[in-house]
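Enquirer: Each position in the sequence shown, counted from 1, maps to that position plus 19 in the numbering used here.
This is the structure, below, for whatever I ask next.
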Amino acid sequence: MRMRVDPSLLARLQRLIEQTYDWDTGIRDLTPFLLGDVGYQRVFSGREVHEEAQLPEFSPRTLVSWRRGRCRLNIYYPNSLVEHLETVNPLRELSERNVVAFSLLVEELDHLLRLAWSANHARPVRLLELEFHANVTKYFVLAHFLGRVSCRRRLSMAQRNWLRRNLFLDAGQGLPEPLGARYRTAARLARRFILVLEEFSPADRVVVLRRFARRNWESQRSFLESPPEQKGSGFLLAV
């Protein structure tokens, strides 16, 4: 039922995400939450209920189910995705060869951790909020890894533009509506927030991320849709 992903990579990602947002998700070992092709086929194949559209069978996803009155979370990572990242390991290289695959790995892990943290705090999560949050997370996680493999403490503008293009340019493309619209909106809002965050120093950026993530979605959305002059650093630091 379970699958193997490089434990050092997943553990590093979990630690990085949880420390960034100052989360205690209660998850000490990711292994029971991970499913490969065989585990997915055995537990979920043919039993999923999709809100808007049938997803391709072998695509990564976060799975939520109820058993005996308890919520169960899993991540399904296709074997092909895992094998690709083992071959082109983002701990050693982040390029056109693995940027999309790595972003998918981070995105689903962020979904799992965000849902676990929200459940612990009895906080509802909207699907758009979940996608927005994962977009912000994967941008900064991939920026961290890109800086690591390129031996740069601060990414160049060309590197930041490369990340944004690969992560957000085709968001929602090829998906039926309204699913495509949700992905496009989440990417648009994430790009706006990232541009504002990058005006901060690294230390202040973490403070803002933590404070902003704890605001309710209505407050977050209101800020993200507000005119540019209301997105000043002083306002965000004060929230």
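Glycine included, every Cβ here is placed at the ideal spot set by N, Cα and C.
Around the C-beta of Q33, are 16 or more other C-beta atoms found within 10 angstroms, so that it is buried, or is it exposed?
Expert: For the purposes of this step, residue 33 is taken as residue 14 along the sequence shown, with counting starting at 1. Result: buried.
Enquirer: CA-CA distance, C90 and N154?
Expert: Mapped onto the sequence shown, residue 90 falls at position 71. Mapped onto the sequence shown, residue 154 falls at position 135. Roughly 24 Å between the two C-alpha positions.
Enquirer: Given L123, which residues of its chain have a CB within under 7 Å of its CB, disregarding the five upstream and five downstream residues?
Expert: Position 104 of the sequence shown, counted from the first residue, corresponds to residue 123. Cβ within range, chain order: P79 and L100.
Enquirer: For N117, which of helix, strand or coil comes out of DSSP?
Expert: Residue mapping note: residue 117 aligns to position 98 of the sequence shown, counting from 1. The answer is coil: DSSP assigns N117 none of H, G, I, E or B.
Enquirer: Could you check the C-alpha separation between M20 and P246 for me, to the nearest Å?
Expert: Working through the sequence shown from its first residue, we reach residue 20 at position 1. Working through the sequence shown from its first residue, we reach residue 246 at position 227. Here M20 scores only 38 on pLDDT, less than 50, and its place in the model should not be relied on; the value that follows carries that caveat. So the alpha carbons of these two residues sit roughly 49 Å apart.
Enquirer: How would you label Q239, buried or exposed, when you count the other beta carbons within 10 angstroms and need 16 or more for buried?
Expert: By one-based count along the sequence shown, residue 239 stands at place 220. That one is buried.
Enquirer: Which residues does DSSP pair with Y95 in a beta bridge?
Expert: Numbered from 1 along the sequence shown, position 76 holds the residue referred to as residue 95. DSSP lists L54 and R80 as partners of Y95.
Enquirer: So, for L136: in the same chain, excluding its five sequence neighbours on each side, which residues have a beta-carbon less than 7 Å away from its beta-carbon?
Expert: By one-based count along the sequence shown, residue 136 stands at place 117. According to the sequence shown, residue 136 is Trp rather than Leu. Cβ neighbours of W136 beyond the five flanking positions: W42 and T44.
Enquirer: What separation, rounded to the nearest whole angstrom, lies between the Cα atoms of E115 and V226?
Expert: Position 96 of the sequence shown holds residue 115. Position 207 of the sequence shown holds residue 226. Distance between the alpha carbons of E115 and V226: 31 Å.
Enquirer: At 4 residues or longer, what runs of the alpha helix (DSSP H) sit wholly inside the stretch 168 to 206?
Expert: 176 to 187, all fully within the stretch 168 to 206.
Enquirer: Could you tell me whether the stretch 50 to 65 touches the stretch 95 to 112, where touching means 3 or more Cβ pairs closer than 8 Å?
Expert: Judged by Cβ distances under 8 Å, the stretch 50 to 65 makes contact with the stretch 95 to 112, as three or more pairs qualify.
Enquirer: Based on the DSSP output, what are the partners of W85 in its beta bridges?
Expert: Taking the sequence shown and counting its residues from 1, the one referred to as residue 85 is at position 66. Answer by DSSP bridge pairing, in chain order: C90.
Enquirer: What is the C-beta distance between L128 and F121, in whole angstroms, given that I count them as a contact (C-beta under 8 Å)?
Expert: Residue mapping note: residue 128 aligns to position 109 of the sequence shown, counting from 1. Residue mapping note: residue 121 aligns to position 102 of the sequence shown, counting from 1. The Cβ separation is near 11 Å, so there is no contact.
Enquirer: Pair every Cβ in the stretch 184 to 197 with every Cβ in the stretch 205 to 217, then say whether three or more of these pairs are closer than 8 Å.
Expert: Touching, yes, given that three or more Cβ pairs across the two stretches are closer than 8 Å.
Enquirer: How do the stretch 162 to 169 and the stretch 130 to 145 stand: do at least 3 beta-carbon pairs fall below 8 Å, yes or no?
Expert: Because the criterion of three Cβ pairs below 8 Å is not met, the stretch 162 to 169 and the stretch 130 to 145 do not touch.
Enquirer: Whole angstroms is fine: what's the gap from L28's alpha carbon to R111's?
Expert: On the sequence shown, position 9 is the one that residue 28 refers to. On the sequence shown, position 92 is the one that residue 111 refers to. If you take the alpha carbons of L28 and R111, they lie about 11 Å apart.
Enquirer: In whole angstroms, what separates the C-alpha of L131 from that of S175?
Expert: To locate residue 131, count along the sequence shown from 1; it is residue 112. To locate residue 175, count along the sequence shown from 1; it is residue 156. Looking at the two C-alpha atoms, the distance is approximately 31 Å.
Enquirer: Per DSSP, what kind of secondary structure is P221 in: helix, strand or coil?
Expert: Here residue 221 is taken as the residue at index 202 of the sequence shown, counted from 1. P221: helix per DSSP, three-state reduction.
Enquirer: Output needed for W85: all residues of its chain with C-beta closer than 8 Å, excluding positions within five of it in sequence on either side, in chain order.
Expert: Stepping through the sequence shown from its first residue, residue 85 is reached at position 66. Within the same chain, W85 has close Cβ partners R91.
Enquirer: At what residues does the alpha helix (DSSP H) containing W236 begin and finish?
Expert: One-based indexing of the sequence shown puts residue 236 at position 217. Taken as a continuous stretch (DSSP letters only), the alpha helix (DSSP H) holding W236 covers W236 to L243.
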